[in-house]
Every structure is written in structure tokens, then in C-alpha cells.
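Student:
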Amino acid sequence: MWTDATRARHAPSGSGYPSDVSDAEWALIAPLIPPERNGGRHRETDMRRAVDAILYVLRTGCQWRALPKDFPPHSTVYRYFWEWTRYGVWDRIHAQLVAQSRGARGRETEPTAAVIDSRSVAAAEKGGSRAIRRAGMAPRRFAASSSISRSTPRG
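Using my numbering, the letters of the sequence shown map in sequence onto residues 21 to 175.
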């Protein structure tokens with residue numbers, strides 16, 4: 021139920037976009053953001069605004085170039101998104117948020133159950149992860165088996 025306390029806790033900060041992180045969320049995420057690199061120019065981008073911009077794109081589905089002008093430049097935001105994806109920053113943020121959420125509910129931070137489907141079991145019996153990838157792929161068709169005929173008659 022919405023009360024004055026819950027409205028204040030979930031109220032967006034900064035520019036007021038629904039996708040902006042709250043102060044409590046930022047307190048969890050900020051320590052996981054990589055520090056500024058040694059050498060070169062100093063970081064001028066506000067990392068909280070960069071995270072807000074990434075979440076805005078993910079939530080609205082807009083193009084990177086269509087980011088509102090009150091966010092950092094779209095090229096900067098895009099670069100941070102892909103660097104953090106490549107180096108596992110998003111995975112660490114996700115793991116931290118899941119652990120915190122589970123702990124708040126009084127559950128163990130690591131899940132103790134797993135779901136295994138029959139395709140995974142069959143693939144594991146045949147040799148592991150490579151077999152799993154093959155099991156989900158359509159068979160290849162070779163150019164020689166094409167049904168398209170030649171445009172010039174053989175003669």
C-alpha cells in the first residue's frame with residue numbers, strides 16, 4: 021500500500037526519470053563501479069548519471085543517440101555500458117542485488133535449488149557444454165544441397 025513513507029522511499033532522485041536509481045540503490049551499486057584508470061585524463065562523467073542513462077535506455081528501449089540531453093553524451097554512456105558488460109561489472113552488480121534481496125527476506129544469499137531440463141541432461145551425458153550448444157542449433161545445410169538451379173543450361 022502506498023503511504024507517505026513508501027512514496028518518499030521510491031521517489032526518483034535527480035531529473036525525475038522513473039528509471040533513475042534511488043539513493044539506497046546507489047549506495048549498493050557505487051562500490052562495484054570500477055575506479056578511474058591511472059594515467060590519462062581524469063574522469064569527468066558522473067557515474068551515477070551514467071548508470072541512470074543506461075537504465076533509461078534499457079527501460080524505455082530508446083536508441084543510444086536518443087538519450088535526453090540531461091544525461092552524459094550517448095557515446096560515453098554506450099562505452100561504459102559495453103566496458104562494464106565485457107568486464108563483468110553488471111554480473112557483480114546483479115549478484116550483489118540478488119544476495120541483498122534474498123538476505124532481506126531471511127533466505128540464504130546463494131540459491132540452493134536448480135532447474136535441470138531433459139535436454140541438458142542428455143547433452144551432459146554426451147560430453148558437456150559443446151553438446152548442449154549443438155543440441156539447440158539447427159542442422160547445417162551445405163551449398164551443394166541447394167535446390168536452386170543454374171541460370172545457364174549445361175551443354
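Note that the Cβ used here is the ideal one computed from N, Cα and C, for glycine as well. Quick caveat, the model's predicted, so the values are computed rather than measured.
Could you tell me whether the segment 87 to 107 touches the segment 120 to 127, where touching means 3 or more Cβ pairs closer than 8 Å?
Tutor: Result no; under three Cβ-Cβ pairs closer than 8 Å.
Student: Excluding the five sequence neighbours on either side, which residues of its own chain have a C-beta within less than 8 Å of the C-beta of valine 97, listed in chain order?
Tutor: Here the set comprises Ala70, Ala73, Ile74, Val77, Trp84, Leu87 and Phe91.
Student: Taking the alpha-carbon positions, what's the tryptophan 102 to threonine 129 distance?
Tutor: Computed Cα separation, rounded: 28 Å.
Student: State the DSSP-derived secondary structure class of serine 138, mapped to helix, strand or coil.
Tutor: Correct three-state label for serine 138: helix.
Student: Helix, strand or coil: how does DSSP classify threonine 129 here?
Tutor: Looking at threonine 129 - three-state DSSP - the assignment turns out to be coil, as it is neither helix nor strand.
Student: Measure from the alpha carbon of leucine 48 to the alpha carbon of each residue in Ala115, Tyr100, Glu64 and Arg61, then state which is nearest.
Tutor: That would be Ala115, whose Cα lies nearest to the Cα of leucine 48.
Student: I'd like the span of the alpha helix (DSSP H) that includes glutamate 103, first residue to last.
Tutor: Segment 94 to 106, the alpha helix (DSSP H) holding glutamate 103.
Student: Starting from tyrosine 76, trace the alpha helix (DSSP H) in both directions and tell me its first and last residue.
Tutor: It spans 67 to 80 - the alpha helix (DSSP H) in which tyrosine 76 sits, taken as one unbroken run.
Student: In the DSSP assignment, the alpha helix (DSSP H) including glutamine 120 goes from what residue to what residue?
Tutor: Here the alpha helix (DSSP H) through glutamine 120 covers 109 to 124.
Student: On a CA-only basis, which of Thr23, Thr132, Ala144 and Arg112 is nearest proline 54? Give me that one, please.
Tutor: Nearest of Thr23, Thr132, Ala144 and Arg112 to proline 54, Cα basis: Arg112.
Student: Please report the straight-line C-alpha distance between arginine 127 and glutamate 45, rounded to a whole angstrom.
Tutor: Answer to the nearest angstrom: the Cα atoms are 20 Å apart.
Student: Tell me which residues share the same chain as methionine 67 and place their Cβ nearer than 7 Å to its Cβ, disregarding the 5 neighbours each side in the sequence.
Tutor: The residues are Ile53.
Student: Using a 10 Å radius around the Cβ and a threshold of 16 neighbouring Cβ atoms, would you call alanine 143 buried or exposed?
Tutor: Under this definition alanine 143 is a buried residue.
Student: Grab me the residues of proline 131's own chain with a C-beta within less than 7 Å of its C-beta, minus the 5 sequence neighbours each way, in chain order.
Tutor: Excluding positions up to five away in sequence, the list is empty.
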